[in-house]
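Anchor point for the sequence shown: position 317 equals 317 in our numbering, and the numbering is continuous, going up by one each time.
No residue lacks a Cβ here, since even glycine has one placed at the ideal position from N, Cα and C.
None of the values given here were measured: they were computed from a predicted structure.
Contents: one structure, followed by commentary.
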Amino acid sequence: MKRLLFLLIFIGSLIITPTLNLFASELTNTAAVTNELSISSGGEGDVHHLPSGFSVIPFAILLLMIATGPLFYEHFWHKNYPKVAVSLAAVVVSYYLFFLHNTHGPVHALFEYFQFIALLTGLYIASGGILIEIDKEGKPLLNVIILFLGAIIANVIGTTGASMLLIRPFIRLNKHRIKAYHVIFFIFLVSNIGGSLTPIGDPPLFLGFLKGVPFSWTLTHNFPAWIFAVIIFCILFFFFDKRNKEDNPLFAGEKVEHSGKVSITGAKNFLWLGVVIAAVFLDPNVDGFEWVPSIHYDGQNFSFVREVIMLSVAFMSYKFANPLALKGNEFNFEPIREVAFIFIGIFGTMMPALELVANFAGSETGSALINHNTLYWGTGLISGILDNAPTYLNFFAAALAAQGGSINIPAEVVNFSYGEGYVNSVVQLTAISVASVFFGAMTYIGNGPNFMVKSIAEQVGIQMPSFFGYILRFSVPILLPILFIVWLVFFAFL
């Protein structure tokens, strides 16, 4: 198995290295014009050298292994992914500290990771203590209502929270006629597209919020594409479900009388979820909340109070959760543990990519390629193949840099969000935001909840398509055409 791992890394390096050579060459030529490969830290006037193009290799290797590990060397990956992620992050952090003498990048990444994982942990654990049971017959209209409500709830407790809260009752509701398409439409709507209206909804948008995008911005600008896509997918699912007349062979001959009741066990955990959501607004960089204690570093105020609140909620909501709810949800910590370690690797290794992309976008060649159409398709396709959170940051950094801005300066992020001093920036950020969330449903690895939902479905005996079967049977013929229509309606002719 280890030989297979090394072979994959070697092949990945062969594929990546020539590209990086060209990329690094272009960056070197560009940077030579801009102060001899040096850039400002953006906060305290220190100047440090740009990272080499080859420093992106750990990031590329990590994403390659995230994509291939669960498929081709599952045992090794599940046993060793924490070591792999931490080791690759350590390589890049060491390179920044000891070769570039740049402490700003690692410190920023550390603060942002802490903020990111605190929110996901609070939402995941608090929602895990809520058990919803729907004692009704699963019918197409009822299923559509649940999917639509799930798409709304995803904006309140995140796609992770909504997926964990609703996937088991959705499966139980349809257990006599459950098919893979039920779960896949759930992934499309609840685990991805639904969570595009608030920063709480999906990790990419929360990262944007941490960078300075106003909280209400996503609701105002993403809503038209959100309601358009949600309605189309609900109608399409209804016709899929209407044609499903087959009984699940696992329950053949079983007759069940339904009471029609909906019951919730562990409802007190909704209060814990409310605390997490309220804590999100305790941002010292937002007008009116300057009083919130923070750590001032490199021209920014980094929050820690809300993160302590979120992690405290995670502990308390689990400690005092209803045991029946935890048992009914088959709750365990492995999904959030995996996310925590994987994102240590992502936050640690993506620093050079963000910096190099921003520098390239600021060049004459890069700026010429940046527009809302290329941002939509670039962000979307890479979000689907890799992970949508770092992809969002990369393309956001590129769009800002193309017009002389910096993603590490909150005031410039706010101005870009509202088009103050920038050209077509509002539609560009909308394209990035919509694409990163919507295209996260293209594969099982596009967004964190996708694999969680797939795993839960397989545990109860649902035959889910393989990685490539998901793409060929559902993403390409169903999801991609609708995302193309979204582009035509909202972006193509602007």
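Measuring alpha carbon to alpha carbon, tell me which residue in the options is nearest residue i.
i, options, result
"K242", "V286, H182, S294 and E290", "H182"
"I385", "L123, A154, L64 and S55", "L64"
"L236", "F188, L326 and F223", "F188"
"H62", "A89, H75, Y96 and H78", "Position check: residue 62 holds Leu in this sequence, whereas His was assumed. Of the candidates A89, H75, Y96 and H78, the one whose C-alpha sits nearest the C-alpha of L62 is A89."
"V434", "N415, F223, G288 and S475", "F223"
"L400", "G208, H101, V56 and L480", "G208"
"P284", "V423, I295 and S263", "I295"
"F215", "L282, I482, Y96 and I432", "L282"
"I344", "L50, F114 and T103", "F114"
"W217", "N143, V426 and G69", "V426"
"G69", "E338, W487, F490 and N424", "E338"
"A154", "A340, P58 and S196", "S196"
"G404", "G446, S303 and F360", "F360"
"K211", "F116, F493 and F484", "F116"
"F467", "A60, L494, S55 and F72", "F72"
"K79", "E334, N192 and P477", "E334"
"F315", "Y376, V86, F76 and A118", "A118"
"Y376", "I346, Q428 and F331", "Q428"
When we look at the beta-carbon of residue i and count the other beta-carbons within 10 Å, is it buried (16 or more) or exposed?
i, result
"E412", "buried"
"T34", "Note on T34: pLDDT 36, under 50, position unreliable in the model; no value is reported."
"E36", "Unreliable positioning characterises E36 in this predicted model, as indicated by a pLDDT of 37, which lies under 50. The coordinate reading is nonetheless provided below. It is exposed - the Cβ of E36 has fewer than 16 other Cβ atoms within 10 Å."
"K454", "buried"
"A358", "buried"
"H101", "exposed"
"F474", "buried"
"G421", "exposed"
"L488", "exposed"
"S127", "buried"
"Q459", "exposed"
"L354", "buried"
"P204", "buried"
"H75", "exposed"
"V368", "Correcting the residue type first, residue 368 is Ala in the shown sequence and not Val. Looking at its Cβ environment, which holds fewer than 16 other Cβ atoms inside 10 Å, A368 is exposed."
Measuring CB to CB, does residue i end up less than 8 Å from residue j?
i, j, result
"A402", "I370", "yes"
"N408", "F439", "no"
"D298", "H176", "no"
"G194", "G158", "no"
"R168", "N329", "yes"
"P390", "M350", "yes"
"A180", "M464", "yes"
"A225", "V486", "yes"
"I277", "V156", "yes"
"F186", "F206", "no"
"L166", "K136", "no"
"A111", "F302", "According to the sequence as given, residue 111 is Phe; it is not Ala. Cβ distance < 8 Å, so F111 and F302 count as in contact."
"I66", "I432", "no"
"P449", "T103", "no"
"I178", "I482", "no"
"V190", "G129", "no"
"F148", "C234", "yes"
"L50", "T265", "no"
"T430", "H221", "yes"
"N332", "A492", "no"
"V262", "I134", "yes"
"P477", "Q300", "no"
"N192", "N447", "yes"
Within a Cβ cutoff of 8 Å, which residues of the same chain sit near residue i, ignoring the five residues on either side of it in sequence?
i, result
"G419", "S425 and V426"
"I336", "L120, T121, Y124 and I125"
"T198", "N155, V156, L205, F215, T218 and L219"
Tell me which same chain residues have a C-beta within less than 6 Å of the C-beta of residue i, skipping the five on either side of it?
i, result
"P106", "V93 and Y96"
"F238", "P140 and V144"
"F490", "A225"
"P58", "L88, V91, V92 and T349"
"V230", "A151"
"I456", "I167"
"F495", "Since the first residue shown for the chain is 1 and the last is 494, residue 495 is missing from the structure and cannot be characterised."
"F240", "Y181"
"S163", "V190, S191, P449 and V453"
Just to confirm my understanding: we take residue i, look at its own chain, exclude 5 residues before and 5 after, and list those with CB closer than 7 Å. What are they?
i, result
"A279", "R306, I309 and M310"
"P293", "V305"
"S317", "I125, A126, G129, N269 and W272"
"V56", "L20, P352, A353 and L356"
"I382", "T391"
"N394", "A353, L354 and V357"
"L479", "F188, A441 and M442"
Specify whether the segment 313-328 and the segment 356-369 touch according to this definition: at least 3 beta carbon pairs, one from each stretch, less than 8 Å apart.
no
- Query: Are at least three pairs of beta-carbons, each pair with one atom in the segment 271-280 and one in the segment 122-129, less than 8 Å apart?
  - Reply: yes
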